[in-house]
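Enquirer: The sequence shown begins at 1 in UniProt numbering and counts up one residue at a time.
Cβ atoms here follow ideal geometry from the backbone N, Cα and C, with glycine treated the same way.
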Amino acid sequence: MHCVRKVTEDLYWVGSNDRRLELFENIFPIQKGVSYNSYLLLDEKTVLFDTVDSAVGRQFLENIAAVLNGRTLDYLVINHMEPDHCALIEDLHLRYPDMKLIGNAKTFPMIDQFYGMDLGDKKIIIKEGETFSCGKHTLHFVMAPMVHWPEAMMTYDETDKVLFSADAFGTFGALDGVIFNDEMDFDRDYLDEARRYYTNIVGKYGIQVQNVLKKAAALDIQMICPLHGPVWRSNLSYILEKYDIWSKYEAETKGVMIAYASMYGNTENMVNVLAAMLADAGITNIKIHNISKTHVSELISDSFKYSHLVLAAPTYNNGIYPLMANYLEDMKALMVQGRTVAVLGNGSWAPQSAKLMEAKLAELKNMTLLTENFAVKSALHDSQMEQLQELCTKITDSVNA
Ligand code: FEO
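(1) Apply the 10 Å Cβ neighbour rule to Ser133 and answer buried if 16 or more other Cβ atoms are within range, or exposed otherwise.
(2) From what residue to what residue does the beta strand (DSSP E) around Cys225 run?
(3) Taking three-plus beta-carbon pairs below 8 angstroms as touching, is the segment 334 to 350 in contact with the segment 282 to 293?
(4) Take the Cβ of Ser234 as the centre, count every other Cβ of all protein chains shown within 10 Å, and call the residue buried at 16 or more, exposed below.
(5) I believe Leu356 touches Ile320 by the beta-carbon criterion, under 8 angstroms. Please report the beta-carbon distance rounded to the nearest angstrom.
(6) So who's on the other strand from Ala342, going by DSSP bridges?
(7) Which same chain residues end up closer than 8 angstroms to Thr253 when comparing Cβ atoms and leaving out the 5 residues on each side of it in sequence?
(8) At a cut of 8 angstroms, does the segment 264 to 276 reach the segment 211 to 223 through at least three beta carbon pairs?
(9) Using the beta carbon as the reference atom, which residues fall closer than 7 angstroms to any heavy atom of the ligand FEO, ordered along the chain?
(10) On the three-state DSSP scale, how would you describe Ile288?
(11) For the 8 angstroms Cβ check, are there 3 or more pairs between the segment 263 to 273 and the segment 362 to 382?
(12) Would you mind listing the beta strand (DSSP E) stretches within the segment 119 to 172 that are 3+ residues and don't spill past its ends, in chain order?
(13) Have a look at Cys225 and Val271 and give me their C-alpha separation to the nearest angstrom.
(14) Which residue or residues does DSSP assign as beta-bridge partners of Thr368?
(15) DSSP three-state call for Tyr39: helix, strand or coil?
(16) What does the alpha-carbon distance come out to for the pair Trp149 and Leu388?
(17) Could you give the DSSP three-state label for Lys100: helix, strand or coil?
(18) Let me confirm a value: Val34 is counted as buried when at least 16 other C-beta atoms fall within 10 Å, else exposed. Which label applies?
(19) Quick one, are the C-beta atoms of Gln76 and Ala55 less than 8 angstroms apart?
(20) Kindly give me the distance between the Cβ atoms of Tyr39 and Trp13, rounded to whole angstroms, as I take these residues to be in contact under 8 angstroms.
(21) Report yes if the CB atom of Pro230 is closer than 8 angstroms to the CB atom of Leu163, and no otherwise.
(22) Out of Ser297, Met1, His137 and Glu62, which one is the CA nearest neighbour of Asp91?
(23) Output yes or no for whether 8 angstroms exceeds the beta carbon distance between Ile78 and Tyr115.
(24) When the Cα atoms are used, what is the spatial distance from Leu236 to Asp187?
(25) For Phe169 versus Phe24, is the C-beta distance shorter than 8 angstroms?
(26) Can you tell me which of the three DSSP states Leu391 falls into?
(27) Between the Cα of Asp10 and the Cα atoms of Lys214, Val67, Arg19 and Glu386, which residue gives the shortest distance?
(28) Could you tell me which residues DSSP puts in a beta bridge with Arg5?
(29) The beta strand (DSSP E) that contains Val178, what's its start and end?
(30) When you compare each of Tyr249, Glu158 and Met117 to Leu334 by their alpha carbons, which one comes out closest?
(31) Could you say which of His137, Ile111, Arg19 and Asn326 lies nearest to Ile125 if we only look at CA atoms?
(32) Have a look at Asn211 and Tyr205 and give me their C-alpha separation to the nearest angstrom.
(33) Would you list the residues sitting across from Tyr260 in a DSSP beta bridge?
(34) Given that a residue counts as buried once 16 or more other Cβ atoms are within 10 Å of its Cβ, and exposed if not, what is Ile283?
(35) Applying the criterion that 16 or more other CB atoms from any shown protein chain within 10 Å of the CB defines a buried residue, is Tyr238 buried or exposed?
(36) Do Ala342 and Leu370 have their beta-carbon atoms positioned less than 8 angstroms apart in this structure?
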């Protein structure tokens with residue numbers, strides 16, 4: 001049975017949800033599922049904006065047929081060629097053989113790469129700023145390169161002032177019947193997942209996101225229709241401001257995120273002592289993660305969120321504890337920058353981890369280090385409590401600055 005929602009007088013959400021997939025991109029745990037959004041415009045011509053992942057293909061095709069109600073599909077606009085949005089192109093091409101595909105010069109080579117399809121005269125190649133009339137509605141195309149693939153673009157419906165924003169402004173988390181931001185408690189139910197989605201998938205491309213935000217500022221946008229998560233039809237400044245903060249790599253909150261690795265509980269004890277000292281000093285916005293039990297995507301998300309980070313790990317094979325090393329590599333890949341960081345090391349005979357972690361952090365942009373080779377041997381002892389208290393004071397002063 002079809003399952004659709006009306007978005008505007010002429011526009012329908014025809015996407016679907018996947019609550020069975022364990023790992024998005026076979027990397028990211030999605031305990032709350034994910035939605036694959038697609039939108040169908042009924043005008044003099046019928047126009048579909050993107051398709052969906054193959055996992056929900058059957059539902060999607062049923063949705064389209066129901067909304068078309070006997071009409072044919074005239075056009076498919078392809079804003080993004082990642083397979084979670086374009087997997088149904090070939091099915092649509094077979095079901096609606098007269099359908100034409102609208103994309104940019106980088107879109108069609110990717111269709112050929114993924115699906116080996118020769119679309120011949122079915123291709124309509126558009127450029128930045130070009131428009132296309134569907135009858136009552138005029139579409140205006142806005143390129144969004146590297147947000148987060150090179151062919152990504154957005155489509156702006158000038159008539160209804162709707163921006164089809166591709167992956168931008170999307171989030172992990174399935175849509176539970178409600179699809180509009182004002183039908184849900186976004187802050188409570190989606191914000192953390194929206195941050196985790198943005199920072200891990202688009203986080204590397206802050207400059208490109210800033211470029212797109214500047215283009216968006218020139219448009220009168222009343223509604224944002226992303227490819228994942230809720231449709232924004234009110235309070236658009238909320239999500240635009242979040243994207244502005246994230247893409248500038250600014251912290252969302254003044255506070256301390258502590259990520260630790262601990263083999264036998266001694267490094268964990270050290271961070272617990274430090275966290276208690278911070279709380280005694282009035283810093284209560286503290287989040288502690290055991291990195292052995294926290295997916296690295298959550299660590300990255302909180303690295304974007306918090307102004308101050310504490311990283312603590314034992315030495316392992318004369319190097320950095322592997323999960324901490326992986327987190328540091330991810331920080332570098334995703335351009336985490338501009339944070340104030342303290343590092344706590346541990347080692348029973350040759351403690352190396354603090355020095356090595358600090359060297360890795362020095363490879364990131366604009367990081368301020370509050371420690372220099374702070375390391376314990378096996379466990380925290382009374383002799384180092386004064387040094388830890390001094391570190392607590394430095395962190396406290398910096399948070400309060
Ligand atoms: Fe949701 Fe970049 O694909």
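Expert: In short, the structure shows the following:
(1) Here Ser133 is exposed: its Cβ has fewer than 16 other Cβ atoms, across all protein chains shown, within 10 Å.
(2) First-last of the beta strand (DSSP E) with Cys225: Met223 to Cys225.
(3) no
(4) exposed
(5) 5 angstroms
(6) Beta-bridge pairing links Ala342 to Val310.
(7) Annotation for Thr253: Asn285, Lys305, Tyr306 and Ser307 place their beta carbon closer than 8 angstroms to its own, counting only its chain and skipping 5 residues before and after.
(8) no
(9) Per the Cβ criterion, the list is His80, Glu82, Asp84, His85, His148, Trp149, Asp167, Gly170, Ile201, Leu227 and His228.
(10) strand
(11) yes
(12) List check, beta strand (DSSP E) in window: 123 to 125, 131 to 133, 138 to 143, 153 to 157 and 162 to 164.
(13) 43 angstroms
(14) Thr340
(15) strand
(16) 44 angstroms
(17) strand
(18) buried
(19) Here the sequence assigns Leu to residue 76, which means Gln is not the residue at that position. No, the pair does not count as a contact, with Cβ atoms beyond the cut-off.
(20) 6 angstroms
(21) no
(22) Glu62
(23) 8 angstroms or more divides the Cβ of Ile78 from the Cβ of Tyr115.
(24) 13 angstroms
(25) In this structure, Phe24 does not lie closer than 8 angstroms to Phe169 by Cβ.
(26) In the structure shown, the three-state DSSP call for Leu391 is helix.
(27) That would be Val67, whose Cα lies nearest to the Cα of Asp10.
(28) According to DSSP, which records beta bridges pairwise, Arg5 is partnered with Trp13.
(29) Neither: Val178 is in no beta strand (DSSP E) and is coded neither H nor E.
(30) Tyr249
(31) Ile111
(32) 10 angstroms
(33) Looking at the DSSP output, Tyr260 bridges to Asn290 and Ala312.
(34) buried
(35) With fewer than 16 other Cβ atoms from the protein chains shown falling within 10 Å of its own Cβ, Tyr238 counts as exposed.
(36) yes
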